[in-house]
Amino acid sequence: GQMYEGGIRVPACAMWQGEIESGCVTDQTAMLMDLFPTICEVAGVSVGHEIDGCSILPTLRGDDQDFSDRIYYWIRKEGGRAFWGLDQHAVRWGDVKLLHNGPFEPLELYDLGNDMAESSDLTNVNEDVFANMRGLLQTEMQKNGHVPWQREG
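The number in our numbering is simply the position in the sequence shown, starting from 1, with 705 added.
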């Protein structure tokens, strides 16, 4: 597995008679973690504590949602316990994405708005954007670095 869009970008569909317009299409980015707060909002249940996801109910109903400041982060442990799981990370802010396909791989920077195929690495083209995204990636890695991915024994 890798952190390119072909491995982490998947379409989704939803049906809710009387609430979601038939044939409605959006290009809004969301994550699996957004389903829980969305379902809670539909059910009228307060989450009661801070969570990473956010409700996408307005998007499902065809309304605009401003996620321009939202940072998306992905982490994957490759190889399982047999290989002690090599980390793979990606961070996205707007159309800009920085990925790291493993500890022995270089960081790669892409502008998904102009290069959805991730064919032109911009790491050496825009050093300011690269430095900013590298900082975002490091922050997310530190925030999420203590997840117990594999059981002992």
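We treat Cβ as the ideally placed atom computed from N, Cα and C, and that holds for glycine.
Under 9 Å between C-beta atoms of residue i and residue j
i	j	result
Lys802	Leu814	yes
Leu740	Gly711	no
Leu842	His805	yes
Arg797	Leu812	no
Phe772	Thr734	yes
Ile744	Ala795	no
According to DSSP, residues forming a beta bridge with residue i
i	result
Ala792	The residue you asked about is not Ala; residue 792 is Asp in the sequence shown. Per DSSP, Lys782.
Ile776	Trp798
Leu737	Bridge partners of Leu737: none, in fact.
His805	His794, Leu812
Per-residue burial, residue i [other beta carbons within 10 Å of its own, 16 or more giving buried]
i	result
Asn819	exposed
Met708	buried
Phe809	exposed
Leu737	exposed
Gln793	buried
Ser760	buried
Met720	exposed
Range of the contiguous beta strand (DSSP E) that encloses residue i
i	result
Leu814	812-816
Continuous alpha helix (DSSP H) stretch holding residue i: start and end
i	result
Ile744	740-748
Glu832	832-849
Pro763	762-765
Glu724	No alpha helix (DSSP H) contains Glu724, which DSSP labels as neither H nor E.
Cβ-heavy atom distance, residue i to the ligand MN, below 8 Å
i	result
Ser751	Judged by which ligands are present, the structure shown has none, so any question about the ligand MN falls away.
Practice task
Would you be able to state if there are at least three C-beta pairs under 8 Å between the region 755-771 and the region 724-738?
Solution key: yes
Check whether the region 749-756 and the region 768-778 are in contact - that is, three or more C-beta pairs closer than 8 Å.
no
Below 8 Å, how does it come out for the region 729-749 and the region 830-841: are there three or more Cβ pairs, yes or no? no
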